[in-house]
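These protein sequences, in sequence, are chains A and B.
For the first sequence, this note's numbering assigns the number 3 to the initial residue and increments by one for each residue that follows.
For the second sequence, this note's numbering assigns the number 99 to the initial residue and increments by one for each residue that follows.
Idealized CB from N, CA, C, for every residue including glycine.
To start, the structure itself, in structure tokens.
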Amino acid sequence: MRVLVPPVLLVVLLLAAAVAATIGAAGIPFGRIAAAFGLAPGNPALVDRDWLVLWSIRLPRIALAIIIGGLLAACGAVMQGLFRNPLADPALVGVSSGAALAAAAMIVVGDRYLSSAGVTLPLEALPLAAFVGALASTMILYRIATREGRTSVAMFLLGGLAIAALANAGLGLLVFLADDRQLRDINFWMLGSLSGATWAKVGAIAPFLVALAFVLPFIARGLDLLVLGEMEAFHAGVSVERLKRTCVVLVAAAAGAAVSVSGVIGFVGLVVPHLLRLLIGPSHRLLLPTAALLGAALLVIADTFARTLAAPAELPIGIVTAVIGAPFFLYLLLRQRALLGP
Amino acid sequence: MNPVLVATSIVVRIGAKTLLDDVALSLGPGEVVALVGPNGAGKSTLLRVLSGDLVPLAGSVRLNGRTLASYGPRALAGHRAVLSQSVSVAFPFTVAEIVRMGAGDGRGRRIDDLVEAALAEVDLGNFDERAITTLSGGEQQRAHFARVLVQLACGEATHGPGVLLLDEPTANLDLRHQLDVIAAAKSRAARGVTVVAILHDLNLAGLLAERIVVLNGGRIDSDGTPDQVITDAMLERVLGVADAVGRVPAEGTPFVLPHAARKLLPGKP
Chain A
3 MRVLVPPVLL VVLLLAAAVA ATIGAAGIPF GRIAAAFGLA PGNPALVDRD
53 WLVLWSIRLP RIALAIIIGG LLAACGAVMQ GLFRNPLADP ALVGVSSGAA
103 LAAAAMIVVG DRYLSSAGVT LPLEALPLAA FVGALASTMI LYRIATREGR
153 TSVAMFLLGG LAIAALANAG LGLLVFLADD RQLRDINFWM LGSLSGATWA
203 KVGAIAPFLV ALAFVLPFIA RGLDLLVLGE MEAFHAGVSV ERLKRTCVVL
253 VAAAAGAAVS VSGVIGFVGL VVPHLLRLLI GPSHRLLLPT AALLGAALLV
303 IADTFARTLA APAELPIGIV TAVIGAPFFL YLLLRQRALL GP
Chain B
99 MNPVLVATSI VVRIGAKTLL DDVALSLGPG EVVALVGPNG AGKSTLLRVL
149 SGDLVPLAGS VRLNGRTLAS YGPRALAGHR AVLSQSVSVA FPFTVAEIVR
199 MGAGDGRGRR IDDLVEAALA EVDLGNFDER AITTLSGGEQ QRAHFARVLV
249 QLACGEATHG PGVLLLDEPT ANLDLRHQLD VIAAAKSRAA RGVTVVAILH
299 DLNLAGLLAE RIVVLNGGRI DSDGTPDQVI TDAMLERVLG VADAVGRVPA
349 EGTPFVLPHA ARKLLPGKP
């Protein structure tokens, strides 16, 4: 049963991507998509136009949704393992906000000082800043929530709340300082959107997903044992400090990369691992890769809604995921009531 | 015979409080030692030092002649297994998955058999597919004991008999399962495994161990056979309980029944 889950998810992802490619301001049915790829004969006039829409607008956006969905869901699964807590999500506990704050600070402050010095901001500056911001918030959160190898659920959520509030206050301050163009950029961090997807952006964050896929198998066993507690994981042979450092860097890199191109998209990292645990159990060996697959599929679907529900305008995708994810979070919270006290 | 586990002049301080003060202990292969003493005597701290969790301020622990610090976590896990006092699992792993965690990366028929045997030994044979989070406290503890037994067996297969450290292994268990734990530990010792167990029940300690070490205020108060150690004088000195030691008639082994202490309790004399 369990072994069927990854291939089924892969099929779901491919179907979602194919359907998403047909939907948009200019509808392109499956037949014309095949023609545009040169797989079937078609009307030459339409083929060129369809190809242009697909290649320069729709496909990079779908690719971006796949990568970001994969990053966010895997990031959520790793965080939940690291904090031994099913309520972890990078956007919920301030990790994404920290990344967005650092990226926005780079836009406003960096822009102001660098352009007066005659230097333009390099393309890599934003992902790097987002990574540093995510790393700082994850490390602070870890310090707050964990004491002597035990993680307190209440301290984790409240500490995350405080970090998110602080980062959002910082973002507000930057809004105050920003000019019109910078303001649009910052707004984009705060709400989350996949609009403006280009192959260059896809290329910039694809290596993060590849790196993540490469590292995940090595931390799966450690995360399984960490479920017993840090001391018990050490007794069973895990290099706990090294595992924790690896996880913190992974979480920060995944959240930072995702935030740097799409802003703060919440709840993907929360919902996806939870659904999968119901399906395949909590073992990280299967959970981490399948989370990336399901996260990718869900974000492709959510983004299709985001760009069609209010057409010709676009909803920020962060709003779509929040509408689905926030009630789900409440449901999880109620189920975890016992852990949080009366 | 060469000692397996040797602790020399261990000092542990947290802030201004001295938890262990110049404690020395040497354990041979197959030896079973019960650590007893009042709450806060330093028993758990000593066990944490012996397991490598806690690096002492002064003194060192040697396992098979090498200091604990010279082992990596994985190598250490092949030589010693530890049962903590209370383990709470964050996600609903099945009991079989938890017990299998003791085998590390090991797979295959041999591991399957080890897991099954360990589950049977702690009387959880029919619980293998249950989520551990749905079990009672005592049942969870037995599952973790089974996991530790699997780890010990896997280590034994590659490095020979190792060390088994148990922090109050019987605390949440009914009498039947307390005796099962004692029997499991004794059978491992018969194969050459060195066992250290923290116990509060002195009668269980006498049943399990041929050597009892009494800790009091971070120091070793006494160290010897149950016969030598479990005396009225020790109980009075360490626990402040008088006239509690009797003798099993036929065997002459000591037992503790704090009958005299009734005087101190409220209610009828």
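When the options are compared against residue i, the one with the closest alpha-carbon
| i | options | result |
| --- | --- | --- |
| B:Asn100 | B:Ala114, B:Glu129 and B:Asp120 | B:Glu129 |
| B:Arg274 | B:Gly202, B:Leu302 and B:Arg111 | B:Leu302 |
| B:Leu123 | B:Val147, B:Asn137, B:Thr116 and B:Lys115 | B:Val147 |
| B:Ala229 | A:Gly231, A:Ala299, A:Gly283 and A:Ile321 | A:Gly283 |
| B:Val180 | A:Leu289, A:Glu234 and A:Ala294 | A:Glu234 |
| B:Gly316 | B:Pro136, B:Leu125, B:Gly140 and B:Val102 | B:Gly140 |
| A:Ala132 | A:Ile25, A:Ala101, A:Val322 and A:Tyr144 | A:Ala101 |
| A:Val322 | A:Arg337, A:Leu290 and A:Phe269 | A:Phe269 |
Per-residue contacts from residue i into chain A (C-beta, under 8 Å)
| i | result |
| --- | --- |
| B:Val291 | None at all; the shortest Cβ gap to chain A is about 16 Å. |
| B:Ser149 | His237 |
| B:Val199 | Note on identity: in this sequence residue 199 of chain B is Met, with Val being the wrong assignment. Result: Asp226, Leu227, Leu230 and Ala238. |
| B:Gly202 | Arg223, Ala238 and Gly239 |
Residue i to residue j span [Cα, whole Å]
| i | j | result |
| --- | --- | --- |
| A:Gly224 | A:His286 | 9 Å |
| A:Ala324 | B:Val109 | 54 Å |
| B:Gly290 | B:Pro127 | 5 Å |
| B:Leu166 | B:Gly150 | 6 Å |
| B:Gly200 | B:Gly163 | 25 Å |
| A:Ile70 | A:Leu16 | 16 Å |
| A:Ala79 | A:Pro275 | 6 Å |
| A:Ala222 | B:Glu195 | 14 Å |
| A:Val14 | A:Val302 | 11 Å |
| B:Leu247 | B:Asp325 | 29 Å |
| B:Pro367 | B:Ala340 | Annotation note: pLDDT 49 at B:Pro367 (below 50); position unreliable, no value reported. |
| B:Arg309 | B:Thr116 | 25 Å |
| A:Ala76 | A:Arg279 | 13 Å |
| A:Leu128 | A:Leu252 | 17 Å |
| A:Tyr115 | A:Gly161 | 33 Å |
| A:Glu150 | A:Phe32 | 57 Å |
Chain A contact residues for residue i, given Cβ-Cβ distances below 7 Å
| i | result |
| --- | --- |
| B:Ala188 | Arg86, Asn87 and Val229 |
| B:Pro171 | Phe236, Gly239, Val240 and Ser241 |
| B:Ser182 | Met233 and Glu234 |
| B:Val185 | Leu230, Gly231 and Glu234 |
| B:Gln326 | Within 7 Å Cβ-Cβ: nothing; B:Gln326 doesn't reach chain A, min ~32 Å. |
Per-residue burial, residue i [other beta carbons within 10 Å of its own, 16 or more giving buried]
| i | result |
| --- | --- |
| B:Val112 | Contrary to the premise, residue 112 of chain B reads as Ile rather than Val in this sequence. Exposed, since its Cβ has fewer than 16 Cβ neighbours within 10 Å. |
| B:Arg205 | exposed |
| A:Arg309 | buried |
| A:Phe178 | exposed |
| B:Met332 | buried |
| A:His237 | buried |
| A:Phe220 | exposed |
| A:Asp52 | buried |
| A:Arg63 | buried |
| B:Pro347 | exposed |
| B:Ser182 | buried |
| A:Phe216 | exposed |
Chain B residues whose Cβ lies nearer than 8 Å to that of residue i
| i | result |
| --- | --- |
| A:Pro291 | Neighbours of A:Pro291 on chain B: none; closest Cβ ~17 Å, over 8 Å. |
| A:Ser285 | Phe191 and Glu195 |
6 Å Cβ shell around residue i - same chain, five flanking residues per side excluded
| i | result |
| --- | --- |
| A:Leu84 | Cys249 |
| A:Val273 | Gly327 and Phe330 |
| A:Val240 | Gly224 and Leu227 |
| A:Gly72 | Leu211, Ala294, Gly297 and Ala298 |
| A:Val97 | Ala136, Ser139, Thr140 and Ala257 |
| A:Arg4 | Ile282 |
| A:Pro92 | Cys77, Ser98, Ala257 and Gly271 |
Contacts that residue i makes with chain A (C-beta to C-beta distance below 9 Å)
| i | result |
| --- | --- |
| B:Val179 | A small correction: the amino acid at residue 179 of chain B is Ala; Val does not occupy that position in the sequence shown. Per Cβ cutoff of 9 Å: His237 and Ala238. |
| B:Ala175 | Phe236, His237, Ala238, Gly239 and Val240 |
| B:Gln249 | His237, Ala238 and Gly239 |
7 Å Cβ shell around residue i - same chain, five flanking residues per side excluded
| i | result |
| --- | --- |
| A:Leu281 | Val7 |
| B:Gln239 | Asn270 and Leu271 |
| B:Leu355 | Ala342 and Gly344 |
| B:Gln276 | Thr268 and Leu302 |
| B:Arg245 | Ile196, Val197, Met199 and Gly200 |
| B:Pro375 | This structure does not reach residue 375 of chain B, given that chain B is present from 99 up to 367, and the question cannot be answered. |
| A:Gly40 | none |
| B:Thr106 | Ala122, Gly157 and Ser158 |
Any chain E beta carbon closer than 9 Å to residue i
| i | result |
| --- | --- |
| B:His242 | Among the chains of the structure shown, chain E does not appear; the protein chains present are A and B. |
Cβ-based neighbour list, residue i, same chain, cut-off 8 Å, excluding 5 preceding and 5 following
| i | result |
| --- | --- |
| A:Ile188 | Ala106, Ile109, Val110, Leu173, Leu176, Val177 and Ala180 |
| B:Pro154 | Ile108, Val109, Val110, Leu118 and Val147 |
| A:Val10 | none |
| A:Ala12 | It should be noted that the sequence gives Leu, not Ala, for residue 12 of chain A. Hits under 8 Å: Leu295. |
Interface partners of residue i on chain B, CB under 7 Å
| i | result |
| --- | --- |
| A:Arg114 | What A:Arg114 touches in chain B: nothing, since even the nearest Cβ is about 45 Å away. |
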